[in-house]
Amino acid sequence: MKRRTVLQTLAVAAALPLIPACFRGNVVGEAADPVTPLIKPHEEWRKLLSPRAYEILFEEATERPESSNLVYEDREGTFICAACYLPLFDSAHKYESWTGWPSFTQPIPGHIATKLDFKLIKPRTEYHCTRCGGHQGHVFKDGPPPRGERWCNNGYALNFVPKDEPLPALRS
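Using numbering that gives the first Met the number 0, you'd call the opening residue of the sequence shown number 0 and step up by one each time.
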């Protein structure tokens with residue numbers, strides 16, 4: 000076999016796992032009410048959010064561990080997307096993972112979409128808000144039973160609404 004053919008084959012084989020990262024992944028669960036995507040230019044999001052929240056939500060950055068007070072939030076309530084205010088997690092599914100980021104065992108069905116992320120070479124499952132597309136975090140298979148999932152979220156990508164307060168209207 001020619002060296003060129005071997006090198007081309009290796010190059011194609013190396014690129015194949017990267018192809019799924021180019022596509023939006025699956026929505027996790029089925030929403031009680033369908034979620035209508037919100038299309039808003041990044042310039043508008045930049046005006047509404049703090050620079051750090053914008054960087055995490057729309058440039059897919061990651062905050063330092065322990066940088067968000069939401070790691071320690073243990074009241075009953077709802078965790079919503081910091082950009083569009085879509086409810087993403089119920090406090091009943093939050094747990095202490097000792098990772099330094101707010102962690103959950105499952106999202107609200109239909110409010111999260113996943114895709115593969117190859118930024119650290121090894122593929123990870125990244126998740127986003129289904130409404131605005133804001134990057135929330137990554138899901139790992141090292142969570143508690145019964146699901147065994149750890150939805151590791153950036154605190155700057157979330158807001159918390161206590162149970163006794165009404166949820167804010169979705170941003171338009």
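Idealized CB from N, CA, C, for every residue including glycine.
When DSSP states are grouped into helix, strand and coil, PRO161 belongs to the strand group. In this structure, the straight-line span from the alpha carbon of HIS137 to that of ARG2 is close to 39 Å. The three-state reading of DSSP puts GLY154 in helix, counting H, G and I together. Here the region 137–146 lies against the region 86–104, with 3 or more beta-carbon pairs under 8 Å apart. For ARG51, the uninterrupted alpha helix (DSSP H) run begins and ends at 50–58, by DSSP. Counting the other CB atoms within 10 Å of its CB gives ALA82 a total of 16 or more, which places it among the buried residues. Going by C-alpha positions, LEU157 is about 18 Å away from VAL34. Between the C-alpha atoms of ALA52 and TYR155 there is a straight-line separation of about 5 Å. Under the 10 Å beta carbon count, GLU43 is surrounded by fewer than 16 other beta carbons and is classified as exposed.
By the criterion of a C-beta distance shorter than 7 Å, PRO86 is surrounded in its chain by THR77, ILE79, ILE107, HIS110 and LEU166, once the five residues flanking it on both sides are discounted. Taking all protein chains in view, the Cβ of PHE57 is crowded by 16 or more other Cβ atoms within 10 Å, so the residue is classified as buried. Annotation for PRO64: THR98, GLY99 and TRP100 place their beta carbon closer than 7 Å to its own, counting only its chain and skipping 5 residues before and after. CYS151 and TYR71 have their C-alpha atoms spaced approximately 14 Å apart. Secondary structure at HIS92: helix, using DSSP grouped into helix, strand and coil. Listed in chain order, the non-local C-beta contacts of ASN68 below 8 Å within the same chain comprise GLY154, local neighbours out to five positions each way being set aside. Taking LYS162 as the centre and dropping the five residues before and after it, the same chain places the C-beta of ARG74, GLU75, GLY76, THR77 and SER90 closer than 8 Å to its C-beta, in chain order.
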